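Novice: Residue numbers (the numbering used here), protein chains in the order written: chain A, 96 to 223; chain B, 32 to 198; chain C, 645 to 1325; chain D, -15 to 136.
Idealized CB from N, CA, C, for every residue including glycine.
Remember, it's a predicted structure, so these values are computed and weren't measured experimentally.
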Amino acid sequence: MRTLEVAGEKCIGCRACSSICAPLHISLTDVGNRRTIAFPASCEEDCDLCLRACPTGAIAFGAGPGKPLTLEFELIPCSKCGKPFATREEMAFVLPKVSKVLGGEPDWKGLCPECRREESASGLRVAI
Amino acid sequence: MKEIFVRLDRCVGCHSCELACAVEHSRSKNIFEAISETPRPRRRLYVEYVMARKMPFLCRHCEDAPCVRACRTGALTQDPLTRIVTHNPDKCIGCWMCTMVCPYGVIGREWERRIALKCDRCPGREIPACVEACPTKALVFMEQEEFARLTRLEAAEEVAKSYRIAG
Amino acid sequence: MKVVPTICPYCGAGCPLGIKVSNGEAIGIEYITDHPLTKGALCPKGNAALEILYHPNRIRSPMVRERGGWREIGWDEALELLARRLMEVKEKHGPDALGFLSSAKATNEENYLFQKMARLLGTNNVDHCARLCHSPSVVGLRKALGSGTMTNPIPDLANSRCIFILGSNFAENHPIVSRWVLEAKDRGAFVIVADPRYTPTAQLANLYLPLRPGTNIALLNGMMAVILREGLADFQFIAQRTKGFEALRASLSDFSVEKASEITGLNPADIVTAARAYARSEASAIIYCMGVTQHATGTDNVLACANLALMCGQVGRPGTGLFPLRGQNNVQGASDMGALADLLPGYVPTTDDGGRRRLASLWGREDLPPKPGLTVVEMMEAAIEGKIKAMYIMGENPAVSDPKAGDTLKALEKLEFLAVQDLFLTETAQLAHLVLPVACWAEKSGSYTSTERRVQWSEKAVEPQGVLSDLEIIGLLGKKIGLWDKTFSPEEVLREIGLAIPAYRGITPERLKASTEGIFWPCPDQSHPGTPILHRDRFLTPDGKANFYPVSHQPPKEEPSLNFPLIMTTGRMVAHYNSGALSRNILPLSRYAPSLWVEINPQDAEEMGLVEGERVRISSPRGEVEAMVRISEKVIPGLIFLPFHFPGVNFLTLKELDPEARIPAYKVSACRVEKGGSHGV
Amino acid sequence: MGYEVLVRPERCISCYACEVACAREHGGLSNVWVLPQGVPILCRHCQNAACLEVCYTGALEQRDGEVIFHREKCTGCELCLLACPFGAIGLDGKRAYKCDLCSHRRQEGLMPACALTCPAGAISYSCVADFSHRKRGIAGLSWAMGYERRGK
């Protein structure tokens, strides 16, 4: 019996484990501004994809009698269109890295990808 | 504020401005050493040949500059007073958004680092290097009023000349 | 794997399209970069063209309609039935009880053979959809310049210094044209766009003229008045190469830019700017399209364009001329081939005894019927009156494309026999008694004539499955009826076309197959390189001189009224194509606009309390249709815009015909918009 | 080497040709987005790419002025989407997708589909120097014409 031990405080609520899990044991659902990730207590598959996929190393395998775990995250709304697009934790994970490359926090950090596309297009459209 | 103005009828296409620009932006600021430097010093203005004319193209430091608006990382910033558009290579990610919107085609590429490269109006100098190097005074660095006056005087001179010919 | 060169099956620009074929199956599209028109470019429709080839909705077997629905039958049975029914009607009611609609989507060869069949059967009731888009160009430009076609090739636009665009939205309809207009603009050309709607084409303009719908003549006459007043006309050109200028001058003597401004609603200064720019530039071109032709005054509109071009001497040189952009890949060819009720192949009027007899002797007959036949819309009227009993429609969809669609449906339903030949079970095919499936463009060889008069060869890329090409069907049918005793290959028919039409004499299958860029007709002999620019030294009129025909503004046939306070205009959008048969079920295209929408000015929308995305009912005195609201500044207040790709739009349009060209007045009709469609918000 | 997909936004006629072509070349999903403003947005292949910095599996890689995406290494975490300044990375359910400059076409010596298909010539696959040189030529034309009008 192999159980899944998820360190809730390390999880940033990204899609990695749920996307990579081919048999769909780990599920991710976005409803309104809430993201729910549900982990099963155990997993019989001969696979460690989720463990390797996790960006923060929050997943580990254990032997004990595990129990199902459900983590909830708040999705922050896009500052332009208001659509919830990422968890606070994800942005906290991403922003320092992005800031390192861009030499400072970008002013578009609160925008969802669609609105960033829109803003980039507006920037280009200035030429006309 | 002083601007770089172009008197197109005076440009002979000698490329002195381009050379001076590259040297000014080299580490050694010396033409003989600059040649062997890496990254290779590059010009930030361009002399083109259009409609049988030699034309120097350099950043116009436009009001409400499109390149600044298009820049997504804050690498390009415009001084609200001097209107000078400055490029910060540390913030530049090489996405070419500025190149794509520049109406004059004066944002080039720094070949080695693959990032944008543009005129900074020689911050350490009183007169930009290109203006100083121009042998025919096709490039001038002056206030807009001053330049307008210069053009007026030239026009007046021509009128006077034609009067003299007419007798 | 090999790349087979074909011609794009959508608009009239004639872009080349390479089909990647592997093991007899088309696996992709490749761009043909050495073509002078496109340099490899393709619009979204061209990019999605391959979807047609293996589309699940394609019909694959002939079908007859029976009480319980459709029954699949064999090819022999189908052709037997078609021949029998056509001949029955002919014997009982005479040949003029038959109606034939040819197709601007079919090759030159197919159109030639189709109209030959109709005429050998003894009727001139053969027409096609050129009637609905550019018949005024054919009539008007033939009167003025001697040829109803585009004068210069599209890439030649790059040499223009001023481009005047009137009633054309080529950025959406013929996207490749914008490449050359933009090229001209890069080289310093001044671009003027006159259109009631701020289209993507208008975005390219240096000067945009939002004129009221149906006031083209007033604008053009206003510009000419300015040109005459300021002495900008090319009097040398007028004296040497034209006739009738004094009459034009007299007709314009009491017209002024102020009057033009009053009628068109434009700023007089803008009209003056446009006039000066057009007249002064070294080379000015006029691009026009259905915003000019689809009016009850369509022919007059075209004549006004020709007057302006002739007055300024802007014809017959590189970068000048008139560019009527044709809508379908072979609408030019179908017209050249004589698939027109009043014109035989090579634009010989049916009433021209000499020309007609010459053609008759080529076809082994004494004579052909001299009386002009019925045009597209007239055929439908005759069907309602019971004068036309049977119709044979090749690849057209009149149920969607004809005006006042309520009448069209009535007409088609009343027919004793209707046979439709198409790729899909279109709205028209659903009313048919017999449906014949055909090969699409990639499944047959043949030549197409683009809007530029560029004749190009399209190669067969894949073998058709279960279907025959139009040419094979017509060949077999003619054989069954007894018109000829064999079937024909496209090459054979093209050689016969060369004998029938002088302008095609030098165009042989061998030459076409060997050239990547095609040949521009007129091409009088095999060593002739073709004629990209017409009217260089002389016009194609009998005496070689162009004619001025004074025209004056007439108000549209229908003005807004209390009950129908808005003006409705129709047009196309980039992702859809004509009656929609080739785009509405092509997913990569239809996803951009799955259903009908209507563009309304924010001011009107606010008055009616409409919101974006709401469903509304639009009605005119002739019918009604439901659409989704798009609020947009692109249309001026009082005007609404509907794309005509969806069934229903033409329930609203007007059937008034232009007196000469017989084109319906699609572009202006009165209507009203009401809240609430049957599907709610 | 040295070639970029560069856009002349003033030329875009919002015809969606690039989107349709890209979708066809990439199995139905377009890596280019034509926005209502009339500009195509696609991966800029940044030299100092933010997406690269957040990608922890090596699915994104910068090589020869190109950001290469390895789908087989992607976990579908969506972090690169959140890092991209342009919104030019998409998520197709389980994995990210982005412009690959039509690597399959370039292997055969062909241009990226969007640059080739653009009917208006708004998208080009060229080097920055050529692109800007052409723009200077266009700007120079109106400049020279203005001078000529002045009688110089």
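Just the Cα atoms here: how many angstroms apart are L1156 (chain C) and E721 (chain C)?
Specialist: 36 Å
Novice: Rounded to whole angstroms, what's the CA-CA distance from H1323 (chain C) to Y(-13) (chain D)? Just pull it up for me.
Specialist: Caution applies to H1323 (chain C), whose pLDDT of 49 falls short of 50 and renders its modelled position unreliable; the model cannot decide the point.
Novice: Can you check DSSP and say which residues form a bridge with A1190 (chain C)?
Specialist: C:T886, per the DSSP bridge assignment.
Novice: Sort D:R8, D:R47, D:E9, D:V4 by Cα distance to C687 (chain C) and report the nearest one.
Specialist: D:V4
Novice: Does the beta carbon of I115 (chain A) sit closer than 8 Å to a beta carbon anywhere in chain D?
Specialist: Answer yes: the Cβ-Cβ gap between I115 (chain A) and chain D drops below 8 Å somewhere.
Novice: If you follow the beta strand (DSSP E) that C806 (chain C) is part of, which residue opens it and which one closes it?
Specialist: 806 to 810
Novice: Helix or strand or just coil, what does DSSP make of P208 (chain A)?
Specialist: Assignment of P208 (chain A) by DSSP, reduced to helix, strand and coil, places it in the helix class.
Novice: So which residues of chain D does E1203 (chain C) contact, with C-beta pairs closer than 9 Å?
Specialist: E1203 (chain C) does not reach chain D, its nearest Cβ partner there being about 33 Å away, counting only Cβ pairs nearer than 9 Å.
Novice: To which residues of the same chain is E1116 (chain C) closer than 7 Å at the C-beta, ignoring the five residues directly before and after it?
Specialist: T1131
Novice: By DSSP, does T59 (chain D) sit in helix, in strand, or in coil?
Specialist: coil
Novice: Fully enclosed by the segment 1226 to 1304 of chain C, which alpha helix (DSSP H) runs are 4 residues long or longer?
Specialist: Here the runs fully enclosed are 1231 to 1234, 1246 to 1252.
Novice: Please tell me whether V99 (chain B) has its Cβ less than 8 Å away from any Cβ of chain E.
Specialist: No chain E is present in this structure, whose protein chains are A, B, C and D.
Novice: Give me the Cα-Cα distance between P191 (chain A) and E200 (chain A), rounded to the nearest whole angstrom.
Specialist: 8 Å
Novice: Establish whether the CB of C109 (chain A) and some CB of chain D are separated by less than 8 Å.
Specialist: yes
Novice: Run through the DSSP bridge pairs and tell me what H118 (chain B) is partnered with.
Specialist: B:L107
Novice: Buried or exposed: which applies to C176 (chain A), given that a residue is buried once 16 or more other Cβ atoms fall within 10 Å of its Cβ?
Specialist: exposed
Novice: Do E100 (chain A) and A155 (chain A) have their CB atoms nearer than 8 Å?
Specialist: yes
Novice: What do you reckon, are the CB atoms on A1063 (chain C) and A1086 (chain C) nearer than 8 Å?
Specialist: Taking 8 Å as the Cβ cut-off, A1063 (chain C) and A1086 (chain C) do not qualify as a contacting pair.
Novice: CA-CA distance, A828 (chain C) and A802 (chain C)?
Specialist: 4 Å
Novice: Taking G1142 (chain C) as part of the alpha helix (DSSP H), name the residues at either end of that continuous run.
Specialist: 1134 to 1144
Novice: With a threshold of 8 Å between beta carbons, is F53 (chain D) in contact with chain B?
Specialist: no
Novice: Short check: CB of S1091 (chain C) to CB of V1099 (chain C), under 8 Å?
Specialist: In this structure, V1099 (chain C) lies closer than 8 Å to S1091 (chain C) by Cβ.
Novice: In terms of DSSP beta bridges, what is D1051 (chain C) paired with?
Specialist: Answer by DSSP bridge pairing: none, since D1051 (chain C) is not bridged.
Novice: Does A72 (chain D) have its Cβ less than 8 Å from a Cβ in chain A?
Specialist: yes
Novice: Contact between the segment 1185 to 1192 of chain C and the segment 786 to 793 of chain C is defined here as three or more beta-carbon pairs at a separation below 8 Å; is this criterion met?
Specialist: yes
Novice: Would you list the residues sitting across from M173 (chain B) in a DSSP beta bridge?
Specialist: B:E34
Novice: Using the DSSP secondary-structure output, state which residues sit across from L851 (chain C) in a beta bridge.
Specialist: C:I836
Novice: Which of the three DSSP states, helix, strand or coil, is assigned to Q759 (chain C)?
Specialist: helix
Novice: Does the separation of the CB atoms of F899 (chain C) and G957 (chain C) fall below 8 Å?
Specialist: No, Cβ-Cβ distance for F899 (chain C) and G957 (chain C) is not below 8 Å.
Novice: Can the beta-carbon of P844 (chain C) be found less than 8 Å from the beta-carbon of E816 (chain C)?
Specialist: Going by C-beta atoms, P844 (chain C) is nearer than 8 Å to E816 (chain C).
Novice: Could you tell me which residues DSSP pairs with K85 (chain B) in its beta bridges?
Specialist: B:Y80
Novice: Given a threshold of 16 other Cβ atoms within 10 Å of its Cβ, counted over all protein chains shown, does V116 (chain B) qualify as buried or as exposed?
Specialist: By the neighbour-count rule (16 or more Cβ atoms within 10 Å), V116 (chain B) is buried.
Novice: Can you list the residues of chain D that V43 (chain B) reaches, using a CB-CB cut of under 7 Å?
Specialist: The contacting residues do not exist; V43 (chain B) stays about 14 Å from chain D at best.
Novice: Please state whether DSSP places L686 (chain C) in a helix, a strand or coil.
Specialist: Three-state DSSP puts L686 (chain C) in coil, outside helix and strand.
Novice: What does a CB cutoff of less than 8 Å around N61 (chain B) pick up in its chain, not counting 5 residues either side in sequence?
Specialist: V54
Novice: Ignoring anything shorter than 4 residues, give me the alpha helix (DSSP H) runs that lie fully in the segment 879 to 950 of chain C, in order along the chain.
Specialist: 879 to 885, 889 to 896, 901 to 908, 912 to 924, 934 to 937
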